[in-house]
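Beneath this line is the structure, given in structure tokens, with notes to follow.
There are 2 protein chains.
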Amino acid sequence: MAQSDTVTRILDTAEVLFAERGFAETSLRNITSKARVNLAAVNYHFGSKKALIQAVFARYLDPFSQRFHSALDDLEARYSGRDIPLEVLLETMATTVLEVPAERNSLKVFMRLLGLAYSQAQGHLRRYIQQEYGDVFSRFTDLVRRATPDLPDAERFWRLHFMLGTVIFTLSGLDALRDIAEKDYRQQVSVRDLIRRLRPVVVAAMNAPLPVELDMELREDTATG
Amino acid sequence: MAQSDTVTRILDTAEVLFAERGFAETSLRNITSKARVNLAAVNYHFGSKKALIQAVFARYLDPFSQRFHSALDDLEARYSGRDIPLEVLLETMATTVLEVPAERNSLKVFMRLLGLAYSQAQGHLRRYIQQEYGDVFSRFTDLVRRATPDLPDAERFWRLHFMLGTVIFTLSGLDALRDIAEKDYRQQVSVRDLIRRLRPVVVAAMNAPLPVELDMELREDTATG
DNA sequence: AATTGTTTAAAACATCCGTTTTTATGGAGA
DNA sequence: TCTCCATAAAAACGGATGTTTTAAACAATT
């Protein structure tokens, strides 16, 4: 109890503060004082601030990649060779993403962390994630490729990232958007509600008609007509 | 020349460094040394680091909101009362967004700054933008409302922000995505190319069918079927 | 030519940072 | 009981940060 208590309190506090204020803006003194833990404990248990950041991610991504792998196992077994429909793939990913943080804090924190990882300075955090958990994402995109055979590879790549942007931006900035939405429309909005709204949008976006070729397209930088 | 030279050099350098590394990760010493300007010049000319950040934004957003306002003037005059189609509205916004940074540095910097503003700590930067430039955005969303009369207000609100997320995430993380795309698909991708790809996706997303009601929807948290 | 106001330059200030070192604590094994 | 060792606590270190102060340079005005 002595061991894990400090470590867990550090991780619990760190992930909240990181999500709220980013990595650079969150000092170890912020974390340790709020966690009511000695300052040196972070360097003692994790080695460095960077290692703590990675540990925060690992606590989410380890169970996620595990569950997502086995969910895809189930799916491939059920469809036994046949292509898995896009909607099913997206639904499976959404379900898995929702499962993991449900056990601990909140989806918002998880998404905010993901957003930070992507928009981070030199992207060394994104590379860490890619290196550590790239397998499961490759597996997923491969299944998506088979589900959308008419989409050129590059087009599918960009559309997947378009949708990744939608999801990360929306769910990581949830509090801000919720403020605006509630002020303007006087409605509460839950995460499940948001996912329900996201579903048709994402499907429609992935199935959108291909863009026009621009080989002969003229520049018109200044005038509007 | 003496006056504006230092101020301009500070702004030019600051916007690049901010876009590359974020606000907290960019020190005044980074800026002033790279701009070959004295350290105290920032506090002398701008008052504080926070004021410098806002000045960097203002240099983009002032001309943007000006041009966008007059572009919407033109549009409303041309359509004289009739509703402006969604595609035209989106195209106009895209054109204006592309125009402004073309005069100076790069669109990437502008978008990266916008992304930072949205994903920033307490959102005080987002509030500053909302307060300073909220008018033109309200005007735009109002026109979008008239262009999509079948969409419930709340649904339109969320879809607009979904798409905002797509655009900001994609264009602000452009370098990272370009890296991946070029490594995987051996293709160069320009900003214009990306906007061409974004257009049908955004239109399809806005016109997606409404989500199903979930009044009677059962929870199914664990099992997949 | 002297003075004024504006800008640059250099140095110093106080504060905060991540990390390391040193000291204390408290329980398990001999 | 004594020893050992993992953990915790406290203190200190070196360095970086935003800001302020002081002094110099310069141009414009009287």
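These protein sequence lines are chains A and B, in that order.
With the first letter of the first sequence counted as 1, position 47 gets the number 47 in our numbering; the numbers rise by one all the way through.
Here our numbering = 1-based position in the second sequence + 225.
C-beta: ideal position from N, C-alpha, C; glycine also.
| query | Any C-beta of chain A sitting closer than 8 Å to the C-beta of residue 443(B)? | reply | In the second sequence, counting from the first residue as 1, residue 443(B) sits at position 218. Residue placement at residue 443(B) cannot be trusted, given a pLDDT of 43 that sits under 50; what the coordinates show is reported in the next sentence. So, not an interface residue.
| field | Buried versus exposed, by CB contacts within 10 Å (16 or more), residue 29(A) | value | Here residue 29(A) refers to the residue found at position 29 of the first sequence. Answer is exposed; the Cβ neighbour count stays below 16.
| task | Kindly list the residues whose CB is nearer than 7 Å to the CB of residue 147(A), restricted to its own chain and excluding five residues on each side of it in sequence; keep chain order. | result | Working through the first sequence from its first residue, we reach residue 147(A) at position 147. For residue 147(A), where only same-chain residues beyond five positions count, the Cβ hits under 7 Å are 83, 84, 85, 86 and 89.
| Contact check, residue 406(B) vs residue 169(A) under 8 Å by CB: the rounded distance? | Here residue 406(B) corresponds to residue number 181 of the second sequence, with the count starting at 1. Here residue 169(A) corresponds to residue number 169 of the first sequence, with the count starting at 1. The pair is not a contact, with the Cβ atoms about 19 Å apart (cut-off 8 Å).
| message | At the level of alpha carbons, what is the spacing between residue 403(B) and residue 152(A)? | response | As a working mapping, residue 403(B) is identified with position 178 in the second sequence. As a working mapping, residue 152(A) is identified with position 152 in the first sequence. Approximately 17 Å, taken between the alpha carbons.
| said: With a threshold of 8 Å between beta carbons, is residue 426(B) in contact with chain A? | reply: Working through the second sequence from its first residue, we reach residue 426(B) at position 201. For residue 426(B), the answer is yes, since a Cβ of chain A falls inside 8 Å of its Cβ.
| task | Might you give, ordered along the chain, the residues of its own chain that have their beta carbon closer than 7 Å to the beta carbon of residue 384(B), omitting 5 neighbours on each side? | result | Residue mapping note: residue 384(B) aligns to position 159 of the second sequence, counting from 1. Answer for residue 384(B): 430 and 431, listed in chain order.
| query | At a Cβ cut of 8 Å, what residues of the segment 351-367 of chain B count as close to chain A, listed as they run along the chain? | reply | 351
| message | Going by DSSP in three states, residue 272(B) sits in which element: helix, strand or coil? | response | For this step, residue 272(B) is matched to residue 47 along the second sequence. Here residue 272(B) sits in coil by DSSP.
| Cβ pair residue 452(B), residue 295(B) closer than 8 Å | This structure cannot speak to residue 452(B), because chain B is shown only from 226 to 450.
| field | Listed by chain order, chain B residues near residue 309(A) by CB distance under 7 Å | value | Because chain A spans 1 through 225 in this model, residue 309(A) falls outside it and cannot be assessed.
| task | Measure the alpha-carbon distance for residue 10(A) versus residue 437(B) and round it to whole angstroms. | result | For the purposes of this step, residue 10(A) is taken as residue 10 along the first sequence, with counting starting at 1. For the purposes of this step, residue 437(B) is taken as residue 212 along the second sequence, with counting starting at 1. Residue 10(A) and residue 437(B): Cα-Cα distance of roughly 41 Å.
| Considering only residues of the segment 31-80 of chain A, which uninterrupted alpha helix (DSSP H) runs meet the minimum length of 4 residues and lie entirely inside it, listed in chain order? | 40-45 and 49-79
| query | By DSSP, does residue 212(A) sit in helix, in strand, or in coil? | reply | The residue given as residue 212(A) occupies position 212 in the first sequence. Reduced to three states, the DSSP call for residue 212(A) is coil.
| Once you ignore the five residues that flank residue 443(B) on each side, which residues in its own chain have a CB closer than 7 Å to its CB? | Within the second sequence, numbered from 1, the residue matching residue 443(B) stands at position 218. Note that residue 443(B) scores a pLDDT of 43, beneath 50, so its modelled location is shaky; the value from the coordinates is reported in the next line. Contacts found: none.
| Beta-carbon spacing of residue 260(B), residue 24(A) below 8 Å | Locating residue 260(B) in the second sequence gives position 35, where the first residue counts as 1. Locating residue 24(A) in the first sequence gives position 24, where the first residue counts as 1. No; because the gap between Cβ atoms is not below 8 Å, this pair is not in contact.
| task | Compute the Euclidean distance between the alpha carbons of residue 52(A) and residue 288(B), then round it to the nearest angstrom. | result | For the purposes of this step, residue 52(A) is taken as residue 52 along the first sequence, with counting starting at 1. For the purposes of this step, residue 288(B) is taken as residue 63 along the second sequence, with counting starting at 1. Cα to Cα, residue 52(A) sits roughly 43 Å from residue 288(B).
| task | Report yes or no: is there a C-beta of chain A within less than 8 Å of the C-beta of residue 410(B)? | result | Residue numbering aside, residue 410(B) sits at position 185 when the second sequence is read from its first letter. Cβ-Cβ to chain A under 8 Å: yes for residue 410(B).
| Can residue 318(B) and residue 397(B) be called in contact, C-beta distance under 8 Å? | Reading the second sequence from its first residue, position 93 is the one you call residue 318(B). Reading the second sequence from its first residue, position 172 is the one you call residue 397(B). It is not a contact, given that the beta carbons lie outside the stated cut-off.
| message | My assumption, with CB atoms under 8 Å, is that residue 338(B) sits in contact with residue 271(B). Please give the rounded CB distance. | response | As a first step, residue 338(B) must be located in the second sequence, where it is residue number 113. As a first step, residue 271(B) must be located in the second sequence, where it is residue number 46. That belief does not hold up - the Cβ atoms of residue 338(B) and residue 271(B) are roughly 16 Å apart, past 8 Å.
| task | Taking the CB atoms as reference points, tell me whether residue 155(A) and residue 422(B) lie closer together than 8 Å. | result | Taking the first sequence and counting its residues from 1, one reaches residue 155(A) at position 155. Taking the second sequence and counting its residues from 1, one reaches residue 422(B) at position 197. Closer than 8 Å, so yes.
| Proximal residues of chain B, C-beta to C-beta of residue 177(A) below 9 Å | As a working mapping, residue 177(A) is identified with position 177 in the first sequence. Correct list: 382, 383 and 386.
| query | Of all Cβ atoms in chain A, is any one closer than 8 Å to the Cβ of residue 250(B)? | reply | Working through the second sequence from its first residue, we reach residue 250(B) at position 25. So yes, residue 250(B) belongs to the interface.
| message | Going by beta-carbon coordinates alone, are residue 118(A) and residue 126(A) separated by less than 8 Å? | response | Position 118 of the first sequence, counted from the first residue, corresponds to residue 118(A). Position 126 of the first sequence, counted from the first residue, corresponds to residue 126(A). Yes; because the gap between Cβ atoms is below 8 Å, this pair is in contact.
| For residue 82(A), three-class secondary structure by DSSP | Start at 1 with the first residue of the first sequence, and residue 82(A) comes out as number 82. Three-state DSSP puts residue 82(A) in coil, outside helix and strand.
| said: Between the alpha carbons of residue 136(A) and residue 50(A), how many angstroms are there, rounded? | reply: Locating residue 136(A) in the first sequence gives position 136, where the first residue counts as 1. Locating residue 50(A) in the first sequence gives position 50, where the first residue counts as 1. C-alpha separation (whole angstroms): 24 Å.
| message | So for residue 24(A), helix, strand or coil by DSSP? | response | In the first sequence, residue 24(A) corresponds to position 24, counting from 1. Of the three classes helix, strand and coil, the one that applies to residue 24(A) here is coil, per DSSP.
| request: Between the Cα of residue 424(B) and those of 194(A), 185(A), 79(A) and 162(A), spot the shortest distance and give me the residue it belongs to. | output: Your numbering for residue 424(B) matches position 199 in the second sequence. When only C-alpha atoms are compared, the closest one is 162(A).
| query | Among 27(A), 91(A) and 26(A), which has the Cα closest to the Cα of residue 203(A)? | reply | On the first sequence, position 203 is the one that residue 203(A) refers to. Nearest option by C-alpha distance: 91(A).
| query | Does the distance from the C-beta atom of residue 242(B) to that of residue 251(B) stay below 8 Å? | reply | Position 17 of the second sequence, counting from 1, holds the residue named residue 242(B). Position 26 of the second sequence, counting from 1, holds the residue named residue 251(B). For residue 242(B) and residue 251(B), yes; Cβs fall inside 8 Å.
| task | Please decide whether residue 169(A) counts as near chain B, where near means a Cβ-Cβ distance under 8 Å. | result | Reading the first sequence from its first residue, position 169 is the one you call residue 169(A). Judged by the 8 Å Cβ criterion, residue 169(A) is in contact with chain B.
| task | Taking only the alpha-carbon atoms, compute the straight-line gap between residue 321(B) and residue 143(A) and give it to the nearest angstrom. | result | Mapped onto the second sequence, residue 321(B) falls at position 96. Mapped onto the first sequence, residue 143(A) falls at position 143. Approximately 38 Å, taken between the alpha carbons.
| Sub-8 Å separation of residue 325(B) and residue 269(B) beta-carbons | For the purposes of this step, residue 325(B) is identified with residue 100 of the second sequence, where counting begins at 1. For the purposes of this step, residue 269(B) is identified with residue 44 of the second sequence, where counting begins at 1. No. Outside cutoff.
| said: I'd like the list of long-range same chain contacts for residue 80(A), defined as Cβ closer than 8 Å, with 5 residues on each side in sequence excluded. | reply: Translated into positions along the first sequence, residue 80(A) becomes position 80. Answer for residue 80(A): no residue qualifies.
| field | Under the three-state DSSP convention, the category residue 101(A) falls into | value | Walking along the first sequence from the start, residue 101(A) turns up at place 101. Helix at residue 101(A).
| What residue from 341(B), 246(B) and 333(B) has the CA that sits closest to residue 122(A)'s CA? | Here residue 122(A) is taken as the residue at index 122 of the first sequence, counted from 1. Residue 122(A) has its Cα closest to that of 246(B), out of 341(B), 246(B) and 333(B).
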